[in-house]
Structures are given as C-alpha cells and as structure tokens.
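The sequence shown begins at -14 in my numbering and counts up by one. Note that CB positions come from ideal geometry on N, CA and C, so glycine has one too. Just so it is clear, the structure is predicted and the values come from calculations on it, not from any experiment.
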Amino acid sequence: MAIEFFAEDIDFPAYEESFLQTFITRLITSKNNEVGEISYIFCSDVYLLKINIDYLQHDYYTDIITFDYVEGNLISGDVFLSIDRVKDNAEVLNVGFDSEFARVLSHGILHLLGFKDKTDDEAAEMRLEEDKAIVIFNEVKVEMSL
-14 MAIEFFAEDI DFPAYEESFL QTFITRLITS KNNEVGEISY IFCSDVYLLK INIDYLQHDY
46 YTDIITFDYV EGNLISGDVF LSIDRVKDNA EVLNVGFDSE FARVLSHGIL HLLGFKDKTD
106 DEAAEMRLEE DKAIVIFNEV KVEMSL
C-alpha cells in the first residue's frame, strides 16, 4: 500500500514525504483501519476550482476535495489540497501554517474514514477529530525531530 504526493501547479510543501506518510498512516491506524492507495495532489486555488466545477458542479474555492475509493477498512482515495487556501485560512484564522496544513491534510483522511461535515453536529465532530489529528501531527514531528 502506498501514500504518494504530487504537486500540480505549485511547489511541493516543505515537508519530508516520510513525515507526511508517517502522520497519515498513524491517523488511519488510530481508527483501526489500514492504509490503501492514497494520493495527495497539492495544487493552487485555480487548479482546485476547476476540479470543483468539473466534478462537483460547485463554482467556488475550497481547501480540499476528496475522492473516496475506500473498500471496507482499506482506506484509499485521491485528495486534492489547495496550498493557496491553506495559507489564506491560516492567516484568517490567525494560526500557523503547520497547524492549518495538518487540519486540512487530516480532513481528507477523516472523510475517507467516514466522518462527514454537512450538518452542525457532523461539523463539530469533524473539528474534534481534526484537533486530535493536529496532536498526532505534532507528535510525529517531534518524534522525527523536524
């Protein structure tokens, strides 16, 4: 099984792939699931807007779009993440880039794990899970001395 990272029209974020793979693996296994084939595609707002329009018929910017290929407890999918949105969100929310990046990175995986965010209750649960994921992100960062 594999977690891969691609950059479409931007530079790859300044994180070691092994760090991101460890974080994502730990997040998935913390929910008693297995890592399948996961691709993260880091891109710009413009690139993700086109995907949002073409595939979801939504004409607005978003930070992440997740395509779910999960089979049972084998977590697989394609996750498109706008680095532009992460930077802007971090500024608007007055949080560091690392924290917002971890939140959005985990948000896609949490969707693949079955968490939703359409209702207020679902969104609140998703936020709690994102907060737990940020803790894991920081723990892995310390362990790997990054």
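Between Ala87 and Ala109, the C-beta spacing is not below 9 Å. For Tyr25, the enclosing beta strand (DSSP E) has its first and last residue at Glu19 to Cys28. Excluding residues up to 5 positions away in sequence, Ala75 lie with their Cβ nearer than 7 Å to the Cβ of Gly81 in the same chain. Per DSSP, Gly62 is one residue of the beta strand (DSSP E) stretching across Leu59 to Ser67. Assigned with DSSP and collapsed to three states, Phe52 falls in strand.
A buried status is given to Glu85, since no fewer than 16 other beta-carbon atoms sit within 10 Å of its beta-carbon. Around the beta carbon of Asn37, 16 or more other beta carbons lie within 10 angstroms, which makes this residue buried.
DSSP, reduced to helix, strand and coil, places Ala87 within a helical segment of the structure shown.
Gly99 is classed as exposed because its beta carbon has fewer than 16 other beta carbons within 10 Å across all chains shown.
Contact check for Val89 against Arg11 fails: the beta carbons are separated by 9 Å or more.
The beta carbons of Val55 and Leu97 sit closer together than 9 Å.
In the DSSP assignment, Ala(-8) falls within the unbroken beta strand (DSSP E) covering Ala(-13) to Ala(-8). Of the candidates Gly62, Val77, Phe52 and Asp48, Asp48 places its Cα closest to the Cα of Asp69. Our two residues, Met129 and Gly57, have alpha carbons roughly 31 Å apart in a direct line.
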